[in-house]
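Peer 1: Before I ask anything, let me first share the structure, which is written out below as structure tokens.
Chains as they are written, first to last, in my numbering: chain A, 2 to 333; chain B, 2 to 333.
Below, the structure is given as structure tokens:
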């Protein structure tokens, strides 16, 4: 008699049509999809690109999804992210912009596999070279989220923003990326909050993550966005000013709230600088499309609203899956 | 028969009138001065404020200068820097600007000593509170260098810049500091070069220190200063751009020079941002007074010249000593 776990596994294998994978620097996420592109299984691991040598990827992938596979035949695996980087599984060379987002799979590479249960396709990232109005830039992983946006809205034109450690801003025209810019905002925030003189003054990131629900924190955040928007050249002075404020400002609350308020201000300074750069030629009548997790998108929406912009939002995970679906369709 | 070392020690003790000390976060420097304020002895140690508890300062000071002291009587020790910080020997509370730089000793504090060979005076730092055109800020140690500037040029009026980990810009009017601003430039550079994604691309700071002698590095530095001066809001995008340039730019030199060129560019971006903020209301017809070591002052001069400013230079050590002299005179 089959156990319910065995029955579940058998059901997945019966339904499984292909597998979608987002292989990041620090983790790996896989989705099993049926013939209607519906998710029938999901699994994660912490084996990101930084933890793996090139010859370890196949093993880790099979460890994660092996139970889903049918007894015979080959299952396609569409992979986006750092597995296709130079230091990943196999380098999928960047496609230079302008690039149609429904043609990413044209740049896919297939690593040599030891087994034959899987057919693996690593999607390329995007690059941009220096020109009259552009500068060197790269992305890897985010192009698939942008493809997901285009899968939803095939002729999307406008500005898309993917907040994160290395935030990306992309200009899309009729489904192509024409140019893009990366802002070091998230990494800058983490370095300043954890390693600089400011570490004595701002709360830890995990404590700061939800601080915008507090009105004092919210005000500190939005006023910092406004200040930097008016005078971006004062960024590095406003950073030290946080420390001085911690030492001198009798009106700051005491205890944990103090660190949260200063963290909110630091966040507003870093994000405010990014927005001032990214939006400087943007008319305010067209909303900016944010793609990412809810907390970060809400933070960016608050900042963008503060300087006069409206936003739309697409969930980051939804976008990745939709992009991998689009790439899989283009391949087949 | 006296050895020459003993004779030398005896001579110092015979000449010694007072002692000047610059007690920083990471090191301690002491000068023995005669009745004409000429240096007759000098000694350093690596016991900065970060290495000492409050009750260890007297011991360390005596260890360093004990040999200079006469057999009897009390020798004044004028101390500037972090020994007067809250986490130092004894807190010498900040004097709020505007402050006359020839009156710093009015805020000096005297720690309780176990012995009676020394009379120690810890000089205060300066603070600034938030106002219409000012923001919270603090300095500790640099005020004494500014006092040294004023000792040289009693009615100095204009802008003084002290480059460093936490660069200070001070507005002086007739010998007083009326306002000042700290820029996190040096610390920002170090964090980005050593801890961020850029660490893979830029040379180590020690290698980068003298890179401006190379024409390609010089050009990378000055063009970065110009770029940020024109568009400071692009700072966090230009940071990531360094990494992308390392990956994509076929025209970059290979090997060690590559890292040096990118380090020069990073330096230009960070310093350029500071200058854009600090000089935004400054007419170009008045030179800016740089106080600091030669290498850093030359770097700042190159950057300032690039955006249209002239500079004068006062050596940092000369300034500290002159400031401690001025403070000692005011006390006596």
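Note that beta-carbon positions come from the ideal geometry of N, C-alpha and C, so glycine has one too.
Note down, one range per segment and in chain order, each beta strand (DSSP E) of at least 3 residues found wholly within the segment 240–300 of chain A.
Peer 2: 289–293
Peer 1: Take every Cβ of the segment 130–147 of chain A, pair it with every Cβ of the segment 7–18 of chain B, and state whether three or more of those distances are shorter than 8 Å.
Peer 2: Per the Cβ contact rule, the segment 130–147 of chain A is not in contact with the segment 7–18 of chain B (fewer than 3 Cβ pairs under 8 Å).
Peer 1: Just the C-alpha distance for residue 134 of chain B and residue 322 of chain A, rounded to the nearest angstrom, thanks.
Peer 2: If I take the Cα positions, the gap works out to 50 Å.
Peer 1: Please list, in chain order, the chain B residues whose beta carbon lies closer than 8 Å to that of residue 242 of chain A.
Peer 2: 136, 137, 138 and 183
Peer 1: Please confirm if residue 262 of chain A has its CB atom under 8 Å from at least one CB of chain B.
Peer 2: no
Peer 1: Using a Cβ distance threshold of 8 Å, determine whether the segment 176–184 of chain B contacts the segment 274–284 of chain B, with at least three qualifying pairs required.
Peer 2: yes
Peer 1: What residue does the beta strand (DSSP E) around residue 184 of chain B start on, and which one ends it?
Peer 2: Here the beta strand (DSSP E) through residue 184 of chain B covers 177–184.
Peer 1: Quick one: what does DSSP say residue 141 of chain A is sitting in, helix, strand or coil?
Peer 2: coil
Peer 1: To test your reading of the DSSP string, which unbroken beta strand (DSSP E) runs of 3 or more residues are found completely within the segment 193–236 of chain A?
Peer 2: none
Peer 1: Mind checking who residue 122 of chain B pairs with in its DSSP beta bridge?
Peer 2: B/79
Peer 1: Within 8 Å, do at least three Cβ pairs link the segment 286–294 of chain B to the segment 238–257 of chain A?
Peer 2: Counting C-beta pairs with one atom in each stretch, the segment 238–257 of chain A and the segment 286–294 of chain B have fewer than three that are closer than 8 Å, which means they do not touch.
Peer 1: So residue 130 of chain B contacts chain A; which residues on that side make the cut at Cβ distance below 7 Å?
Peer 2: 249
Peer 1: So does the segment 108–116 of chain B actually touch the segment 212–229 of chain A, counting three or more Cβ pairs closer than 8 Å?
Peer 2: The segment 108–116 of chain B, when compared against the segment 212–229 of chain A, does not touch it at the 8 Å Cβ threshold.
Peer 1: Using the rule of at least 16 other Cβ atoms within 10 Å of the residue's Cβ for burial, across every protein chain shown, is residue 129 of chain A buried or exposed?
Peer 2: buried
Peer 1: List the residues of chain A that residue 300 of chain B touches, going by C-beta distances under 9 Å, in chain order.
Peer 2: The contacting residues do not exist; residue 300 of chain B stays about 16 Å from chain A at best.
Peer 1: Is the CB-CB distance between residue 138 of chain B and residue 269 of chain A below 8 Å?
Peer 2: no
Peer 1: Give a yes or no on whether the C-beta atoms belonging to residue 90 of chain B and residue 55 of chain B are separated by under 8 Å.
Peer 2: yes
Peer 1: Just curious, the alpha helix (DSSP H) that residue 160 of chain A is in, first and last residue?
Peer 2: Counting along the chain, residue 160 of chain A falls outside any alpha helix (DSSP H), though it belongs to the beta strand (DSSP E) covering 159–163.
Peer 1: What residues of chain B sit near residue 281 of chain A, judged by a beta carbon separation below 9 Å?
Peer 2: 232, 234 and 235
Peer 1: By how many angstroms is the C-alpha of residue 11 of chain A removed from the C-alpha of residue 1 of chain A?
Peer 2: Nothing about residue 1 of chain A can be read from this structure; chain A reaches only from 2 to 333.
Peer 1: Return the chain-ordered list of same chain residues with a C-beta closer than 7 Å to the C-beta of residue 194 of chain A, the five sequence neighbours on each side being excluded.
Peer 2: The beta carbon of residue 194 of chain A sits closer than 7 Å to those of 200, 203, 206, 264 and 267, all from its chain and outside the five residues before and after it, given in chain order.
Peer 1: Under the DSSP definition of a beta bridge, which residues are partnered with residue 153 of chain B?
Peer 2: DSSP output for residue 153 of chain B lists no bridge partner at all.
Peer 1: Can you check DSSP and say which residues form a bridge with residue 174 of chain A?
Peer 2: A/177
Peer 1: Keeping to the same chain, check which residues put their C-beta closer than 7 Å to that of residue 352 of chain B; ignore five residues upstream and five downstream.
Peer 2: Outside the modelled stretch of chain B, which goes from 2 to 333, sits residue 352 of chain B, for which no answer is possible.
Peer 1: On a CA-only basis, which of A/324, A/9 and A/236 is nearest residue 230 of chain B? Give me that one, please.
Peer 2: A/236
Peer 1: When you compare the CB positions of residue 50 of chain B and residue 88 of chain B, do they come within less than 8 Å of one another, or not?
Peer 2: Taking a C-beta distance under 8 Å as the contact criterion, residue 50 of chain B and residue 88 of chain B qualify as a contact pair.
Peer 1: Measuring alpha carbon to alpha carbon, tell me which residue in A/189, A/66 and A/99 is nearest residue 176 of chain A.
Peer 2: A/99
Peer 1: If you draw a straight line from the alpha carbon of residue 121 of chain A to that of residue 63 of chain A, how long is it in whole angstroms?
Peer 2: 11 Å
Peer 1: Starting from the beta carbon of residue 167 of chain A, find every residue of chain B whose beta carbon is closer than 8 Å, and list them in chain order.
Peer 2: 198 and 241
Peer 1: Kindly indicate which residue of B/244, B/301 and B/35 has the alpha-carbon position closest to the one of residue 187 of chain B.
Peer 2: For the residues B/244, B/301 and B/35, the minimum Cα distance to residue 187 of chain B belongs to B/301.
Peer 1: Which residue comes first and which comes last in the alpha helix (DSSP H) that contains residue 84 of chain B?
Peer 2: Per DSSP, residue 84 of chain B belongs to no alpha helix (DSSP H) and is neither H nor E.
Peer 1: Please report the residue range of the alpha helix (DSSP H) in which residue 55 of chain A lies.
Peer 2: Segment: none, residue 55 of chain A is in no alpha helix (DSSP H) and carries neither H nor E.
Peer 1: So is residue 51 of chain A in contact with chain B if we call contact Cβ pairs under 8 Å?
Peer 2: no
Peer 1: I need the DSSP call for residue 133 of chain A, collapsed to helix, strand or coil.
Peer 2: Residue state, collapsed to three classes: coil.
Peer 1: Less than 8 Å between the C-beta atoms of residue 65 of chain B and residue 31 of chain B, yes or no?
Peer 2: yes
Peer 1: Against chain A, with Cβ distances strictly below 8 Å, would residue 291 of chain B count as a contact?
Peer 2: Against chain A, the CB of residue 291 of chain B has no partner CB under 8 Å away; the residue lies outside that interface.
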